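Student: Counting in this note's numbering, the sequence shown runs from 7 upward without gaps. We treat Cβ as the ideally placed atom computed from N, Cα and C, and that holds for glycine. This structure is a prediction, so every number in the text was calculated from the model and none was measured. Encoded as C-alpha cells, here's the structure I'll be asking about.
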Amino acid sequence: MKKFNFRKVLDGLTASSPGGSSGGGSSSGGGIGAGSGSVHPGGTAGAAGTPRDEIQEILSSDYFQICKTVRHGFPYLPTALAFDPVQKILAVGTRTGGIRILGRPGVDCYCQHESGAAVLQLQFLINEGALVSASSDDTLHLWNLRQKRPAILHSLKFNRERITYCHLPFQSKWLYVGTERGNTHIVNIESFILSGYVIMWNKAIELSTKTHPGPVVHLSDSPRDEGKLLIGYENGTVVLWDLRSKRADLRVYYDEAIHSVDWHHEGKQFMCSHSDGSLTLWNLKSPSRPFQITIPHGKIQRDGKKPESCKPILKVEYKTCKSSEPFIIFSGGLSYDKACRRPSLTIMHGKAITVLEMDHPIVDFLTLCETPYPNEFQEPYAVVVLLEKDLIVVDLTQSNFPIFENPYPIDIHESPVTCTEYFADCPPDLIPVLYSVGAKHKKQGYSNKEWPISGGAWNLGTQTYPEIIITGHADGSIKFWDASAITLQMLYKLKTSKVFEKQKLGEGKPTAEIVEEDPFAIQMMYWCPESRIFCVAGVSAYVIVYRFSKHEVNTEIVSLEVRLQYDVEDIITPEPEIIPPFPDGSSQLPSLKSLSGSTNTVACEGMMKDSIPCLSVKTRPVRMPPGYQAELVIQLVWVDGEPPQQITSLAINSAYGLVAFGNCNGLAVVDFMQKTVLLSMGTIDLYGSSDPYQRQPRSPRKNKQFTTGLTELTDSPVSLELERCKSPTSDHVNGHCTSPTSQTCSSGKRLSSTDVTKSNRRGPGRPPFRKAQSAACMEISLPVTTEENRENTFSRSRSSSVSSIDKESKEAITALYFMETFSRKNDSAVSPCLWVGTGLGMVLIISLNLPATEELRQTEPVMVSPSGTVLTLKGAVLTFSCLDCMGALIHPPYEVWRDPNSIDDSEKTRKRKLVMYSPSSSQDMGDHQFAVICSEKQAKVFSLPSQTCLYVHNITETSFLLRADVVTLCNSICLACFCANGHIMTMSLPSLRPMLDVNYLPVTDMRIARTFCFTNEGQALYLSSPTEIQRLTYSQEMCDNLQDMLGDLFTAVETPEAQNRGFLKGLFGGSGQTFDREELFGEASAGKASRSLAQHIPGSGGIEGMKGAAGGVIGDLARARLALDERGQRLGELDEKTATMMASAEAFSKHAHELMLKYKDKKWYQF
7 MKKFNFRKVL DGLTASSPGG SSGGGSSSGG GIGAGSGSVH PGGTAGAAGT
57 PRDEIQEILS SDYFQICKTV RHGFPYLPTA LAFDPVQKIL AVGTRTGGIR
107 ILGRPGVDCY CQHESGAAVL QLQFLINEGA LVSASSDDTL HLWNLRQKRP
157 AILHSLKFNR ERITYCHLPF QSKWLYVGTE RGNTHIVNIE SFILSGYVIM
207 WNKAIELSTK THPGPVVHLS DSPRDEGKLL IGYENGTVVL WDLRSKRADL
257 RVYYDEAIHS VDWHHEGKQF MCSHSDGSLT LWNLKSPSRP FQITIPHGKI
307 QRDGKKPESC KPILKVEYKT CKSSEPFIIF SGGLSYDKAC RRPSLTIMHG
357 KAITVLEMDH PIVDFLTLCE TPYPNEFQEP YAVVVLLEKD LIVVDLTQSN
407 FPIFENPYPI DIHESPVTCT EYFADCPPDL IPVLYSVGAK HKKQGYSNKE
457 WPISGGAWNL GTQTYPEIII TGHADGSIKF WDASAITLQM LYKLKTSKVF
507 EKQKLGEGKP TAEIVEEDPF AIQMMYWCPE SRIFCVAGVS AYVIVYRFSK
557 HEVNTEIVSL EVRLQYDVED IITPEPEIIP PFPDGSSQLP SLKSLSGSTN
607 TVACEGMMKD SIPCLSVKTR PVRMPPGYQA ELVIQLVWVD GEPPQQITSL
657 AINSAYGLVA FGNCNGLAVV DFMQKTVLLS MGTIDLYGSS DPYQRQPRSP
707 RKNKQFTTGL TELTDSPVSL ELERCKSPTS DHVNGHCTSP TSQTCSSGKR
757 LSSTDVTKSN RRGPGRPPFR KAQSAACMEI SLPVTTEENR ENTFSRSRSS
807 SVSSIDKESK EAITALYFME TFSRKNDSAV SPCLWVGTGL GMVLIISLNL
857 PATEELRQTE PVMVSPSGTV LTLKGAVLTF SCLDCMGALI HPPYEVWRDP
907 NSIDDSEKTR KRKLVMYSPS SSQDMGDHQF AVICSEKQAK VFSLPSQTCL
957 YVHNITETSF LLRADVVTLC NSICLACFCA NGHIMTMSLP SLRPMLDVNY
1007 LPVTDMRIAR TFCFTNEGQA LYLSSPTEIQ RLTYSQEMCD NLQDMLGDLF
1057 TAVETPEAQN RGFLKGLFGG SGQTFDREEL FGEASAGKAS RSLAQHIPGS
1107 GGIEGMKGAA GGVIGDLARA RLALDERGQR LGELDEKTAT MMASAEAFSK
1157 HAHELMLKYK DKKWYQF
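So this is what it looks like as C-alpha cells:
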C-alpha cells in the first residue's frame, strides 16, 4: 500500500481558489480540511520544498484510560469521625456521602457511598481492617480496608426505623444499633444479618412511664461486665440493660435532655452531658439521683441557687489516668451571655480548666488513648478535633496543650481557591528551591511529639518526575505545592496583596475599586518553570510580574497604568463563506495607541472617575523576602467613568521580556525589561482592514456598564446587579460566603435606578471558562441538586447561528501565545510573534521586532505591530500550540534563570542566556511548521507559512469546551479537551484523530469549570469541592501502575494484650461468668429478625483487593493458611493460659484446704 505523502499535500495547496478562506476549512475530524487552493500534479505548489515523509503518530486509543487517582484537601462538610487505636488510622465522613481515611503522610484514601447520603457515624472494627458506616438513608455498610481502594462488602438497609446511634464493642462481632423509635437492634458483622434479639423501648423503661423516651442517643457495654448494655435516651432516661436476663438492671432519670454518655473505666460510674450545659456523674449503687452535678461554665449565684444554664454540652469524654486525675473533655457548654465567643473545647484535669477556642464550629472530637480495652486505665495522650473546615490534634501530655503540626494538605481552602495550574515533569531543581524559601516561614509553637495518626504504609512507587500544583486564592495569595508521586505538600506561599496599599475603611474618600470584597482575588496565573518568571492577573484588573531570587531585597515597586478603550457598538457578522481573503503584511496598519507610563489624574469627589487604577501600589521601598519578588505592576485604569474590564487572557515570555494581556476591550503588550507599554489597542484596531465584521461606531457615553466577579454567569440584569454588589468569591452554602463562584446574592448594596438601567445592558466582563460569549454555542442549564450547588449552577444561552452573536458588542481576547513562527504567508524564516485568539473565533498574529543584540535590548524599543494575518475558527479560541515539520512540540523560547539580586558580581553582569528552539534535525527540516488551534467548538491544524488548514475536527455541536491543552504523553503529544457536558477527549496531533472520549463528569457547578486543567504525562485535576482537589489520569500506563503508588490502609499489627487483672480483682471486681454473645444473639436462641425490618444487600467489595493483594486462588489459600496458623497459635496460647490458671486455682484450693484443716479443731480462744 502506497503511503500518503503528507508534505506533498501540505505544500501543494495554493491560495488560487476564490471561494475559500485561509481558515475556512470545515471538514469533519481526521480528514484534510477544505482549505483554499488546489493540488498541483506532483504534489507541489510553486517553490515548495522537497517532499517529506509522512509523520508517524505513535499514540493510539490503547494509551488512554480515565481513572481517579487521589483526592487532596479537607473533607468537605464533615459529619463523623472514627479512630482505630491499634492501626492508628483516622476516618472522616461527610454530608455528601464521602469517607476520607488518613494515616501517615502519603496514606490518604477517599471512598464514596453511591447513594450520596450523609454519613451519620463511623465505627472501626479495631485492628481487623474493616469499617462500618451508618448513613442518613438508614443503611449500614461494611467497608473492606485490606485493599488499597476500599470497597463495600455488605450493606443492610433498615426499612421501618431510622438509625440514630451505633456501637461495636472491642473484639466483638455484634453491632448494637439504636433507632429513632428508641429500639435497639443487633447486627452480626460477619454476615451483616439482623439478629432476632431486640431491646424494645417500652420494655427498657418503666411500665408506669407514659411518655416515649425519645431516640437512642447512646449505646455502650459496661467495662465491668460485657453482658450489661447502657442505653441513653434523648429525654434524659438512661437504662442499664442485662442482656442475659433481658431486663433492666437499673434506670436513671434526669430532667434535661442527654447528648452523650461515657463510662469510668472501672464500670462503677458514668457521666452524662446535657442540654443545659451540665455534666452529671452517676454511681451504679445509688441510681436515684446524680452522684455529682456540675455546670462548668455556669455562673455561681450569690444566693446559693443552682448555677445558671449554659449552652448544651454536645459531647463529653471521661478518661482516667493511673498517675494523675482523670481528664474530662467536652465541646460546647459556654455561657449564653458570651454570644460572641468562638466554638470551644474544654479540658478539665483535676482543678484546672482549659478552654481551647476554635476558628470553626466543632463537628466531633475523639480522645486518643494508649489502650483499646475499655476496662483499663485509658491514659489519654491526644484529642482529635474535627471542625467544619479544619482538623486539629491537641497534645494532652503537655500542660499548655499545644497542637501537633498537621502533615496533611488540609489548608488548601484557607482562602477560597479561585484558579489552579498543574505542571508535571517540570525542572527537578524547582521543588527543593521553592521549599528552601518556603521553609523559612514555618510557624513555631507546635508540639514536639510525632503526629499520632501514623498508620498504614506508603512508598514512592515507580513515578519519579517532579510535579507542581499552583493554587490562586481569593485573598490574593498563591500557593505552590509539591504534587510528586500522588502526594501533596506545600512548598511556598506568595502574598500578592503586599504590593498594594491597604484600603482604609471609613475615610470618606471616593474609591476606585470595582469589587467590594476580595479585591486581590487571583484570576489567572502564568508560570514559566524554566525561567522561573511568574505572572498573575487579579480581579481588580491588574497584572503583576514576579522574578525569583534567593536573596532578600529592599526596593520600590515599579508600576505602569494602561488605558484600554473600545469604541465600537454593534457588529454585523457575515457568513463565514463570504469572508473576504485577508491581506498580507502590506495592508495598511492601524496607528498604535501607546500610553505614557503613569497617569495619576485622581478624580475628585462627585466627578467622573478617569485614568485612575482600582488599587494603589505602594510607593515606598518594600522589603521583599527570598522567593518571588514583584518586578512590575500593570494596572488598567478607569476610562470616562467606566471601570476597567477584568482580564480574560495572559501570557509572558522571558526570552522576549514581554507580557501580554487582554480583556473584552482589547490587547496590551508591555516590555517588563524596559518597563514600558508597547501596545494598548482595541480588538477592532488589531484587524485593520482585515476585519471580517461590519461594525457600527459606538455612540458617545452610551451603554455604560459595570462588571465584577471572577465570572459573568448569566445574561440576566438582576444577576448583574447582584454580582456588582458582591465579591468574586461569594459562594452560597447555608448563607455563608465561602468560595469563588458567585452567581447571585441575596444581600448587598442596592443600585440606583441609573445603575439598574446600566445593568440591563449586559456587560461582558470576564466570561465563564476564560473565554468570551462566542458565536456558535448552546444552551446549558445545570440542575440545582443540593444547597452546595446553588452557587455553582449557571446557564448560558447563545444562538447556533454564526450570523447571530447574541448582540455582543465587544470581542474579548481569550487566548495569547508567544512563539517563534511565520507571521505572514510569504515569510521564509521564523520570527518572534504573539498569537491572539478572540471570543468570536478569530486568530490574529502580532509581529514582534526585537533589537538585534543583547546590549541594544536594554535601550532600543521593541516594535509591535499586527501582521495582517487572520485565521478563523468556530467558537471562542482556547489554546494555541506549535509543532515542527516532524510533528514534535516546539517550546516557546525562554531565558535561563539567573538571580537578579545575586551577591556574586559575575552572576549579575553575565549576559542573558536564551534557549531558542532548534528544528528536529537539519536546517532543511525547519522550513515549515504546524499551528494547532483549539476553540470551544473545534480544533484546527494549519500549515505555516502557507496558512492552509490541513485538519479540522468539530469537537462538539451541542456543548462547548471548557479547557483544552496540548500535552506530552509517552514521548509524543496530543490535544486533551474537557467539555461542558462532562466528556474528556483526546486527539492525536497533527491529524486530530479522536483517541479517547469518556463521559467522565457532568459540570454541575462553575468551580469544576474554572479549575479543571490538564498537564503532561496524562494527568489532570479540578476542585471537586470548595476544599478538595481531585486528581485523575487519562494515561493507561498510570492506571496500570496506580495500585503500586497508593498507600496501604491496613498493616499487620499485634493487638496489645489486656492487663492481668489479678485473681481477686477478677473474682470480686466483675461478673464471674463469661459472656457468650453468640449464644444470646445467634439464630439458635434469638431466632430470625423480621424480613421487612431490614434488607441485606451484598456489596462488590474485595474483588479489586484480591487482584491487587495476592493473585487469585493461591493468594486466598495462602491467606487462609496464615489465618489458620494464627488461630492455632492463639488457641495454643489460650490453652497455656488456661492451664496456668487451673494450676493456680488448684494451688489456691490446696492451700485453703490445708489452712482449713489446721484451724478446724481449734477453739476460738486458741487463735
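Which residue or residues does DSSP assign as beta-bridge partners of I979?
Tutor: I979 pairs with T974.
Student: Give the DSSP-derived three-state secondary structure of E1060 in the structure shown.
Tutor: Reduced to three states, the DSSP call for E1060 is coil.
Student: Does the contact criterion of 3 or more C-beta pairs under 8 Å hold for the region 981 to 1000 versus the region 883 to 895?
Tutor: In short, these stretches touch, since the Cβ pair count reaches three.
Student: Which value, in whole angstroms, describes the spacing of the CA atoms of D231 and I492?
Tutor: Cα-Cα distance, rounded: 47 Å.
Student: Report the residue from E963, G238, L131 whose alpha carbon sits nearest the alpha carbon of F176.
Tutor: Minimum Cα distance to F176 is reached at L131.
Student: Once the 5 residues before and after D59 are set aside, which same chain residues still bring their CB inside 6 Å of it?
Tutor: Interpretation of D59 is limited by its pLDDT of 49, a score under 50 that renders its predicted location unreliable; the figure taken from the coordinates is listed afterwards. Once the five neighbours on either side are set aside, D59 has no close Cβ partner at all.
Student: If I'm right that L108 touches Y452 with Cβ under 8 Å, what's the distance once you round it to whole angstroms?
Tutor: Not a contact, Cβ separation roughly 18 Å.
Student: Let me make sure I understand the geometry here. Which of V549, E826, Y342 has the alpha-carbon closest to that of L304?
Tutor: Note on identity: in this sequence residue 304 is Gly, with Leu being the wrong assignment. Cα-wise, what sits closest to G304 is Y342.
Student: In the structure shown, what three-state DSSP assignment does Y471 receive?
Tutor: Y471 falls in the coil class under three-state DSSP.
Student: How would you write the range of the alpha helix (DSSP H) that R1083 sits in, first residue to last?
Tutor: Segment 1083 to 1087, the alpha helix (DSSP H) holding R1083.
Student: For the alpha helix (DSSP H) that contains P872, what are its first and last residues?
Tutor: From DSSP, P872 is part of no alpha helix (DSSP H) but of the beta strand (DSSP E) over 869 to 878.
Student: Taking the continuous alpha helix (DSSP H) assigned at A210, which residues delimit it?
Tutor: Segment 207 to 210, the alpha helix (DSSP H) holding A210.
Student: Measuring CA to CA, which of D1082, A1153, M1147 is closest to S178?
Tutor: It is D1082.
Student: Can you list the beta strand (DSSP E) stretches of 3 or more residues lying completely in the region 272 to 335, in chain order?
Tutor: Runs of the beta strand (DSSP E) inside the region 272 to 335: 275 to 280, 285 to 289, 298 to 300, 319 to 325.
Student: Among the candidates E63, C73, F333, I475, whose CA atom is the shortest distance from the CA of G1024?
Tutor: Comparing Cα positions, the closest option is C73.
Student: Measure the alpha-carbon distance for K1164 versus A1158 and round it to whole angstroms.
Tutor: Near 10 Å, if we compare the C-alpha coordinates of A1158 and K1164.
Student: Less than 8 Å between the C-beta atoms of G188 and G220, yes or no?
Tutor: Contact: yes.
Student: Would you kindly check if the distance between the Cβ of G694 and the Cβ of D672 is under 8 Å?
Tutor: Note on residue identity: the sequence assigns Gly, not Asp, to residue 672. Going by C-beta atoms, G672 is not nearer than 8 Å to G694.
Student: Which whole-angstrom value is the C-beta distance of E507 and K624, which I expect to be below 8 Å?
Tutor: Yes, they are in contact, since the Cβ atoms of E507 and K624 sit about 6 Å apart, within 8 Å.
Student: Strictly by DSSP, which residues pair up with I192?
Tutor: Paired residue(s): Y182.
Student: Hey, how far is the Cα of I418 from the Cα of N150?
Tutor: The straight-line gap from Cα to Cα measures roughly 29 Å.
Student: Taking C-beta to C-beta, are E826 and M922 nearer than 8 Å?
Tutor: Yes, these two residues count as a Cβ contact at 8 Å.
Student: Is the region 655 to 667 in contact with the region 524 to 542, if contact means three or more CB pairs nearer than 8 Å?
Tutor: Touching, per the Cβ criterion.
Student: Are any of the Cβ atoms in chain C nearer than 8 Å to that of A894?
Tutor: Judged by its chain identifiers, the structure shown contains no chain C, having just a single protein chain.
Student: How would you write the range of the beta strand (DSSP E) that M1012 sits in, first residue to last?
Tutor: First-last for M1012: 1012 to 1017, but that is the alpha helix (DSSP H), not the beta strand (DSSP E).
Student: Here's the rule: buried if 16 or more other CB atoms are within 10 angstroms of the residue's CB, otherwise exposed. What is E727?
Tutor: Residue placement at E727 is poorly supported in this model, since its pLDDT is 34, which falls under 50; the coordinates still yield a value, given next. Label assigned to E727: buried.
Student: To the nearest angstrom, how far is it from the Cα of I334 to the Cα of V76?
Tutor: So the two alpha carbons sit approximately 38 Å from each other.
Student: Using the C-alpha atoms, what's the distance from P1062 back to M1147?
Tutor: Looking at the two C-alpha atoms, the distance is approximately 20 Å.
Student: Does L1140 come out as helix, strand or coil in the three-state DSSP assignment?
Tutor: L1140 falls in the helix class under three-state DSSP.
Student: When you compare the region 475 to 487 with the region 116 to 130, are there three or more beta-carbon pairs, one atom per stretch, that lie closer than 8 Å?
Tutor: Counting Cβ pairs under 8 Å, fewer than three are found: no touch.
Student: Check the C-beta distance from C425 over to M530 and give it rounded, since I have them as a contact under 8 Å.
Tutor: About 6 Å; that satisfies the 8 Å criterion.
Student: Please report how far the alpha carbon of V973 lies from the alpha carbon of T1021, in whole angstroms.
Tutor: Roughly 6 Å separates the two Cα atoms.
Student: Going by the beta-carbon positions, is the gap between Q641 and L621 smaller than 8 Å?
Tutor: Yes, they are a contact pair.
Student: In whole angstroms, what separates the C-alpha of K209 from that of P408?
Tutor: The straight-line gap from Cα to Cα measures roughly 47 Å.
Student: Given 8 Å as the limit, is there contact between the region 248 to 255 and the region 281 to 289, that is, 3 or more CB pairs closer than that?
Tutor: Counting Cβ pairs under 8 Å, fewer than three are found: no touch.
Student: If I measure Cβ to Cβ from M1044 and keep anything under 6 Å in the same chain, skipping five residues before and after, which residues do I get?
Tutor: Excluding positions up to five away in sequence, the list reads G1024.
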